[in-house]
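To start, the structure under review is shown below, and the notes come after it.
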Amino acid sequence: MKRMIGRAAARGRRRLRPAAAQWLTLFGIGIMLGITLAAFKLSAAAVDEHRAKGRQTAIEQVIMPSNERTSPEKRDKPDRGLTAGKGESDSELEQIIVSVYLTKEKRIERVPLEVYVRGVVAAEMPMDFELEALKAQAIAARTYIVRRLALHDSSGMPQGNEAKGAKVTDTVDHQVYVPLAELTKRWPEDKRTSYSEKLKQAIDQTKGRIITYEGEPIQAVFFSTSNGYTENSEDYWVQEIPYLRSVASPWDKELSPRYKETIQFDLAEFYRKLGIEADGSGKPVIRVIHKTAGDRIGDLIVGKKRLTGREVREKLGLASSQFIWTIKEDSITFTTYGYGHGVGMSQWGANGMAKTGVKAEDILAHYYSGTKVEQASKLASRY
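Okay, so the sequence shown: first residue is 1 according to the UniProt record's numbering, each after it adds one.
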């Protein structure tokens, strides 16, 4: 039995309207964030809680883990969080320190904001990607950490004294981060100079820039490879986020090595992983009952049990929630399309756009509907 899942019509959309009230000052550059951001935090709570479960990134199939360790750079300055006021210059951004918990080494590394962004881009996206794609990734990474620090968001942090004081981890629970000195050792020796310069350009040319929606930093989620479309936030998580809408991403199919994958299970393992009992014939009856706007399985019935496409994906460890299946004797084979949860920016799609000459700002505007890229320090003038 083989079923192909086609593209669904877009579902009715509810629009969130955050309410403005009390304001906070972000860092030393006078960005005022208030209950609007709190509303975004609530609306994206499901995104924050579950983003790591569904997210794989473009770097995973390119960079191999390093066995070498690097000592952290010693710094005497404490972390800067939400500090005083208006009138301070963009140089204040350079004084912001991000505390990153390095999970394998069980220690905290404290680095300036732009150094942190550099480490995220280097860890999340291959350096042979186009410069404009790397710039888009840099802006998204900066937006994520600015928003998290502004909201005093501590979700996903491990318990225990060794992580006390850290703001993020170095894993997909937040953003993958690798110290530059460690990462360059993973690059081919003949590419280290050119890759380092390219990475520096991506950070320097986007310095201080973030993605905003109605004047506030967005939840800048991203993933590796689309199936041809991105996903509406409510179709993978619970809450609709107005800028996380399903859009076409046709570039991934030709470029990404993770666009199409196949995985096989014994039927006994298949039943066990999904927590269902085999029917009398021993072969599962699977029926799709709802498809998403992003061409993925929304809901299906396996035997007598109703599951979401996300549940099947996560329980079976599939690359995507768009899949087809074939049952033969005592096994079931899944073929998946795309890699990751599918919400927000596709990294391989971003690279495809960049290859056609699209600039970073337009890449981001495509994947984050209704947003714009702004200099963080300019937001203060609105208040």
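Don't be surprised by glycine CBs; every beta carbon is placed ideally from N, CA and C.
Option in the options with minimal Cα separation from residue i
i, options, result
"residue 228", "376, 300, 214 and 256", "256"
"residue 125", "335, 347, 374 and 373", "347"
"residue 259", "214, 191 and 335", "335"
"residue 245", "253, 282 and 235", "235"
"residue 183", "195, 162 and 344", "195"
"residue 148", "354, 201, 173 and 302", "173"
"residue 130", "266, 212, 179 and 197", "197"
"residue 224", "288, 354, 127 and 339", "339"
"residue 296", "359, 304, 263 and 322", "322"
"residue 178", "111, 315, 134 and 205", "111"
"residue 261", "284, 273 and 313", "313"
"residue 141", "191, 275, 122 and 151", "122"
"residue 193", "128, 163 and 175", "128"
"residue 310", "271, 342, 154 and 103", "342"
"residue 370", "344, 356 and 354", "344"
"residue 95", "105, 106, 113 and 372", "113"
"residue 157", "169, 377 and 282", "169"
"residue 106", "164, 205, 315 and 150", "164"
"residue 180", "162, 337, 354 and 200", "200"
"residue 278", "376, 303 and 222", "303"
"residue 324", "288, 205 and 357", "288"
Within 7 Å, strictly: CB atoms of residue i and residue j
i, j, result
"residue 251", "residue 352", "yes"
"residue 98", "residue 207", "no"
"residue 226", "residue 317", "no"
"residue 210", "residue 146", "yes"
"residue 308", "residue 299", "yes"
"residue 143", "residue 242", "no"
"residue 294", "residue 254", "no"
"residue 264", "residue 326", "no"
"residue 100", "residue 109", "yes"
"residue 305", "residue 276", "yes"
"residue 330", "residue 274", "no"
"residue 212", "residue 103", "no"
"residue 365", "residue 132", "no"
"residue 363", "residue 136", "yes"
"residue 233", "residue 240", "yes"
"residue 120", "residue 175", "yes"
Identified DSSP bridge partners for residue i
i, result
"residue 260", "337"
"residue 217", "212"
"residue 101", "108 and 169"
"residue 332", "265 and 327"
Continuous beta strand (DSSP E) stretch holding residue i: start and end
i, result
"residue 375", "372-375"
Residue i, enclosing alpha helix (DSSP H) - first and last residue
i, result
"residue 204", "192-204"
"residue 355", "347-355"
"residue 121", "113-124"
"residue 362", "360-367"
"residue 182", "180-184"
"residue 146", "131-150"
Residue i beta carbon near the ligand SAM (any heavy atom closer than 6 Å)
i, result
"residue 269", "Questions concerning the ligand SAM fall outside what the structure shown contains, since it holds no ligand whatsoever."
**Message:** List, from N- to C-terminal side, the beta strand (DSSP E) runs of 3 residues or more that fit wholly inside the segment 219-273.
**Reply:** 260-266
**Item:** Ranges of the alpha helix (DSSP H) found wholly within the segment 265-326, counting only runs of at least 4
**Value:** 267-274 and 309-316
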